[in-house]
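Visitor:
Residue numbers (the working numbering): 28 to 128.
Structural data, given as structure tokens:
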């Protein structure tokens, strides 16, 4: 499922949520879905289907990690910016840490 809205239609701050192989961006004030992306839609992302997803919002980018894969999605519309696949280096939950300068 992919729902898109422009930033002018958003009411304000958003939160990124990772669940069962998908990433959602929700408006904090209303809980309204801004967009949702299944990680399995992306190249080599099929192992992420139904799996736990770690997410972080960093300067207009949603970073999502699952099953050895890391994805950068535009917070604006959920489009894939880049992807790193490390599946051959183990399996299971993939965690994220973000440093702030």
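We put the CB at the ideal spot given by N, CA and C, even for glycine.
Since the structure is predicted, the reported quantities are computational estimates derived from the model, not experimental observations.
1) Just to confirm my understanding: we take residue 81, look at its own chain, exclude 5 residues before and 5 after, and list those with CB closer than 8 Å. What are they?
2) Would you give the residue range spanned by the beta strand (DSSP E) that residue 45 belongs to?
3) In the DSSP assignment, find the unbroken beta strand (DSSP E) run with residue 49 in it and report its ends.
4) Under the rule that 16 or more other beta-carbon atoms within 10 Å means buried, what is residue 71, buried or exposed?
5) Classify residue 61: buried if its beta carbon has 16 or more other beta carbons within 10 angstroms, exposed otherwise.
6) Would DSSP call residue 32 helix, strand or coil?
Guide: Here's the rundown:
1) 45, 91, 92, 93, 120, 121, 122 and 123
2) 41-46
3) 49-54
4) exposed
5) buried
6) Residue placement at residue 32 is flagged as unreliable, the pLDDT there being 47, under the threshold of 50; the coordinate-derived value follows with that caveat. Coil.
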